[in-house]
Each structure stands twice: as structure tokens, then as C-alpha cells.
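See below for the structure under consideration.
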Amino acid sequence: MSPPAFNAIRADADRWITGEALRMQREHKIESVSRLTFVVGKGGVGKTTVSCAYALHQAARNPRESVLLMSTDPAHSLADMLQVPLKSTPERIADAKGKLSAWQIDSDREFKKFLAGNRDAILNIIENGTFFSKEEIAPLLDTTLPGMAEMAGLLAIHELLERQDYDHIVVDTAPFGHTLRLFELPAHFQRFLNFLNVASSRDALLAERFGGRAVLPSHAFIARWEEMVKQLRDAFRSNQAEIFLVTSPEIFSLNEALRSLETLDQSVPEMRVTTIFLNRVVRDAQECVHCRQREQMADRAEKFLKRQFPHIPLLIGPDPGNPILGLELLRRFGVRVFDSRKVRLEAKPPAQSAGKLKLKTSEWPVAEVPLSFTIGKGGVGKTTTTAALAFHTRKEQPEIPVMVCSTDPAPSLDDIFQKLIGNKQVAVLGDAKFRAMEIDSVSEFRQWAARIRKQLSSELSMQSGGLHVDLTFEKEVFAALMDIVPPGVDEVFAIFRILDLVQTQAGKVFIDMAPTGHALELLRMPERILLWSRLLLKSLAAHRTLALAQDVAVELATLGQRVRKLLEIMRDPGQSCVWAVMLPEPVPDRQTTWLLKAVDEIGIVVKALFVNRVLIPDGEESGCSRCTRARGWQMAILKTLQKKYGKHRTYLAPELAGEIAGAAMLRKFTTRLWQTAK
Ligand SMILES: [Zn+2]
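For the sequence shown, our numbering assigns the number 380 to the initial residue and increments by one for each residue that follows.
Written as C-alpha cells, this is what we have:
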């Protein structure tokens, strides 16, 4: 009997696999025939450009190999970059040389497709094993989905490896953080499996006691998932897998690359970065001051990377001043980078930029309300804008103290304030009334969860003396349920903590939010938090007479109240506002569009939209062709942004040479701002 193919299992999800089939499947390994390339990096470094160019180059050079370019980034831009229409299934790109296909994974759809086959089985496990009914648990299954995006990426890669349709798979991954979790078992999915394991353990116990079957269906089902993840890990660790790390020459970007390499080394030591890609490099600056500064920065970055990673090959991606879009330009970029051949990468700006965009100078805005939330995707200068808003507000209203808080899991307040910022507020920039703190959202939530668990645990063991099976079981269900918290809850907890601080001290607070948008998603549908806490409460129902169980119940009820209070504050235009940040990029910024939509649905006022790194003419260009071309492209892009986001007040912040860090740079940054004139 041959091992069952993953697809066949999926197609026939109701058929329980027997112990024999399970054993066979355990022994079955995916033959690592396909080459796997993961392109990783922080947002805004040109990860997708590198992925596209590499896939095009590989397909052209190896005409017999079928190459698949896929994106696991929920805000993907493959179609915009390649300038070909793509569906949510792999699509052959006819105009590319060789055999190239591309696929933008619709992670929601993929994961729902996967769950659809297993939904009843999951609900059965939970209903039989716990005190929850199907009706109660079904919404939980659906609402925890947003955290499953990485899992959908994994499922898709697994399926491709099984089918062996492609010789080489190039994966354009979501920005860091997501990617690192992609290589491990996504923690969220692991916790969900744990919950199922606990839920089915009562069945197993009963079966043992009454001499039932050795392998219960529910266990086979969970084992199958775990097996699939194990196969993937093996594939990632094989010598067929490679990682491209993309970075830009900015110090922020290099630091982040360094941190990510360390994290990768710790969490998945078998995976090695095989190539480092220094992108957006300016060479041959000639007489132009701007280009010369960027050239020097790139030189420093190159030396730094060679010194830090002497054994990892370094590739250089040039910045011609224009975006690298479309099959032909991307292919040339690949030839330039991977074959080191001189080819033209320059492209004229589109005709509509000829009609000039009128700009007028503007004052930096002051935050009029106590609470400011800054949103935007990674790598757009969100933290810089948050710090600058606080800096300017502080300057304009010297009697009012300000505080900058970051709930971003990868915060960078250290860099901008040139000081170690941690979980406690500290004065920065030599100003006692200017404070900053980075809140570790995850630990904030974990502390709360641990406190509740401890409360409950001490009470239950005290009550029962000799532990009773049922009590232990319910405690475990409660604990496992605490773990499958909907994504974003941790950030909401961090915001609670900030609100507590706000209430005890005067001043204005600026919150630099995580780029994932999970917290906004959660606040958009607050019933998700309430649903989850109701389930927690129900798991205690049998012990509702215990004093401490009552305390826990109160604590959970308080959670609901706090969420409602937070929403009230956010919706009050006298108390809160949102600042959105983006870049003048040629591909549509779906993430920001989506974040603004969530903000709109919650009912928070969007105060303004900042477009960062705009090349404003300042008379020092000396007719540089690269800068002229870059500005032409930006004008065209700004026009489309104006069309798209015109209803929001839009500020253009100039690109500054050098890093924006410290008081002097913040002062310089906050003296120049533009608006588009109607
Ligand atoms: Zn220039």
C-alpha cells in the first residue's frame, strides 16, 4: 500500500485513516525534489522586486525547469509588480521566457478551504471532549482565522511539494516576524492543536479505562496535521532550501536584518541565509549632492555586511531612480544582479506627470487630542512620524508633557531617541516632559493570563485535596482556551495599559501601532473578545460557587467593560485621532487602504495622511538625471494617491539625507512639510 497523498486525504476528509495508514504516513517523507527559495526582509526594501527578478531570471536561464513565483504576504503585490493579471490559483505567465507561473495566495480562502474539510471533525472533538456545544465553539473557529495567514502559506507550500508540479518555488514572504514564524510551526496553529489535544484527552482516558481502540479517530486527525508540519520542517531544513535576505543601505534596515539573522539562528538553526541582497544602491553619483550621500551610505552598508557576514555571498541591487516594474525591466534587473551584466534599467516617468502637481509649504500639525494612534505598514517611517508629531506638539505647547508609546512587536524607538527604551517610561531627548516606552504586548497579555490561571489553579487544588480528574481536565481546557486568544488581543492589552497611564498623568500620548492591523481588526469586531471571554467563563461554570472562580469571572467581565470603554474613547473626536503613514510607491498600498477602512468602520477620526520620503526640489540637484527621473515618477504617483486618498488631508514629508534620530534631526524634519494645492 502506498502512502496516502496529502490531497487525497484532504479530498476525503470524512474518512478516518486507520492506524496502519497513519503509520505509513509517518514514515513517508516528502522527497525534496523541488528547490525552495524564500525571499525575506523588512517592509520597503524591495523584497517583491527581488523575488520577481529572481524567478524571471531562473525561468529564462533554465528553460526546462518549471518555476513558480508565489507570495504569502497578505498584502501582496506580485500582479502590480509584474503588471500581469493574476488569479488566486497558480497562473502561467505566457510572456515570460521559460516556464514561469505566479500565484498570490489568498490566505483566508486557502485556510477556509482547508478547514472546510475538517470543520465537522474539529467541532465533534470539542463537543464530545468538553462542555462546549458546537454552536458555542463554531464562531471561535471562524474568528481566530486572521492569525492563520502564515498557516495558509504553509499549507500551500506543502501541497505544492507533494504534487511536485514545479522544479523551483520562489516564495515572496510577508515582512519579518511573519516569516520567522513561517519557518517554525506558526505558534497560533500549535496552540489550536493543543486545545484540540486537551479536548480529546478525555476520550482517550475513557478509552484506556474501558479497553477501547488504541488510536482514536480524533488523535489520527490531529496527528495528520502535526505530521504535515513536520514534513514541511524537514523540507525547509534540507539543502534544497535557500534564503535570500534583502536589505536596504539605511542603518535601521541593516540593524533589523542583523536582528532577524540572530532570531533565525536561534529558532531554526538548520536554516541558513544563503545570499544577502543589498538593494536600492546608488552608484556613479557624479555632481549631485543627494546621490552622493546615498552612494556613501551604500558603500558603508556594503562594508558593514562584508565584515559581519564574510561567508555569505553579497549581491548588489542598483536603484536607477525609477521603479522596476513589468516583465522586461524586472528580467533586466535580474540579468544585472545575477549575471553582473550591464543593462539599462532606466525608464521614463509616465506622461501624466508632465502636468505638474502644485505643492505648497505647510506647518507641521499639532495633536489637539490626548490620544494619537499612528498606523501604516512596515518600513514607511511610521515610528519617525509618530516621534516627529510628538516632538512638534511638545515644541508648540511647552507646558504640556508628551509620551510616545510603541505597541509594535518590533519597535524602533531606541534608534530614533538614541537611548535604550523599555517597558517603563523614560525621559528622552534631555527633556523631562518628553517620555517614551516600548510595551511588550505579548508579555502584557501573558502576565494577565498567568495571573488568572494561578488564581484558578490554587483554588481548584485547595478545594479538591486529592485532585479529581474532572477538575484537572477543566483547568486544562481553560488554560488551552486562554492560549488560542484571537490575534490582536495582546496589543489591545497594551493599549489598556497605556490608558491606565494616561489617566494618572496629564499630557498627550502618541501610540505607534503594530503594522499587522490585528488590533484594529479586533476592535472593529469587539464581539470577538467578548465571545472568547464568554467561553472562558463557561469553562468555569461548574465551579461558579468557588470564591476565586468568582474573582476570575469578575476579571473576565471587566475585560468586556474595558473594551467598550476603549472603543468609546477611540470614537470620541475630542479624545482620539488617527494619523496614517505611507510612501509614494508605484504599487498600490493595499495594507494602508485596508487599515483606513478598519479605522473608518470603528469610527475613529483620521486626522491626516503622511506621505514620507518625497523628493521635494531644493535647488541642490544640479540637473542630476537620476534625481530628475525619480521626481518625475513620484509626481505621477502622488497624483494617483491624491485621487485615491483625496478625502483625507495629506501632508508630504521630504526625504532627508541621513538617519532621522536625535533632537537635531527631529527639529530639522519637523520644519519642512508640504501639502498638495488644489
Ligand atoms: Zn541625484
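Here a beta-carbon is modelled for each residue, glycine too, at the ideal position from N, C-alpha and C.
Beta-carbon gap between residue i and residue j smaller than 7 Å
i, j, result
"K739", "A1015", "no"
"A636", "T626", "yes"
"V966", "H1027", "no"
"T654", "F623", "yes"
"T765", "F631", "no"
"L1058", "F656", "No statement about residue 1058 is possible, as the shown extent of the chain runs from 380 to 1057 and does not include it."
"V418", "S430", "yes"
"A531", "F490", "yes"
"Q619", "R414", "yes"
"F796", "H436", "no"
"P963", "V931", "no"
"I948", "Q940", "no"
"R1005", "G700", "yes"
"R903", "I983", "no"
"H537", "M607", "yes"
"L860", "L915", "yes"
"V652", "A677", "no"
"V500", "A475", "Note that residue 500 is Ala in the sequence shown, not Val. Cβ atoms of A500 and A475: not closer than 7 Å."
"A987", "Y1024", "no"
C-alpha distance - residue i paired with residue j, whole-angstrom precision
i, j, result
"Q675", "V668", "11 Å"
"Y885", "P780", "Here residue 885 is Ala; the residue named in the question, Tyr, does not match the sequence. Near 7 Å, if we compare the C-alpha coordinates of P780 and A885."
"L706", "P464", "12 Å"
"L880", "K887", "11 Å"
"W938", "P905", "It is worth fixing the name first, because residue 938 is Leu in this sequence and not Trp. Taking the straight line from one Cα to the other gives about 11 Å."
"L736", "Q970", "25 Å"
"T1050", "T427", "34 Å"
"P697", "G477", "25 Å"
"K1022", "K812", "40 Å"
"S456", "L640", "25 Å"
"G1037", "Q672", "8 Å"
"L901", "R907", "7 Å"
"R1010", "R686", "34 Å"
"A893", "S751", "14 Å"
"I691", "E681", "12 Å"
"D891", "R612", "34 Å"
"T753", "P1033", "18 Å"
"V647", "R638", "14 Å"
"P729", "W1012", "7 Å"
"I995", "P744", "19 Å"
Classification of residue i by the beta-carbon crowding that lies within 10 angstroms, buried from 16 upward
i, result
"R830", "exposed"
"D869", "buried"
"H897", "buried"
"S480", "buried"
"T883", "exposed"
"K756", "buried"
"L846", "Any reading at L846 is ruled out, since the residue's pLDDT is 42, under 50, leaving its predicted position unreliable."
"L799", "exposed"
"D979", "exposed"
"G809", "exposed"
"D794", "buried"
"K854", "buried"
"F1048", "buried"
"A873", "buried"
"D663", "exposed"
"R592", "Note that R592 has pLDDT 47, beneath the 50 cutoff, so the model's placement of it is unreliable and the number below is only indicative. Flag for R592 reads exposed."
"P689", "exposed"
"V933", "exposed"
"E742", "exposed"
"D644", "exposed"
"G423", "buried"
"K727", "exposed"
Contact test: residue i Cβ vs ligand 1 heavy atom, cutoff 6 Å
i, result
"H669", "yes"
"R1005", "yes"
Contact test: residue i Cβ vs ligand 2 heavy atom, cutoff 6 Å
i, result
"L693", "Ligand 2 is not part of the structure shown, which contains ligand 1 as its ligands."
Legend entry - Any 3 or more C-beta pairs closer than 8 Å across the stretch 771-788 and the stretch 816-823: yes
Inset, instruction - Count the C-beta pairs between the stretch 568-582 and the stretch 443-451 that are closer than 8 Å, then say yes if the count reaches three, no if not. - result: no
Inset, instruction - Tell me, please, whether the stretch 956-963 touches the stretch 975-995 by the rule of three or more beta-carbon pairs shorter than 8 Å. - result: yes
Inset, instruction - Spell out a yes or no on whether the stretch 448-466 and the stretch 542-555 are touching, meaning 3 or more CB-CB pairs, one atom from each, closer than 8 Å. - result: yes
Legend entry - Three CB pairs or more closer than 8 Å across the stretch 1034-1044 and the stretch 705-722: no
Inset, instruction - Decide yes or no for the touch test of the stretch 465-480 against the stretch 510-517: beta carbon pairs closer than 8 Å, at least 3 of them. - result: no
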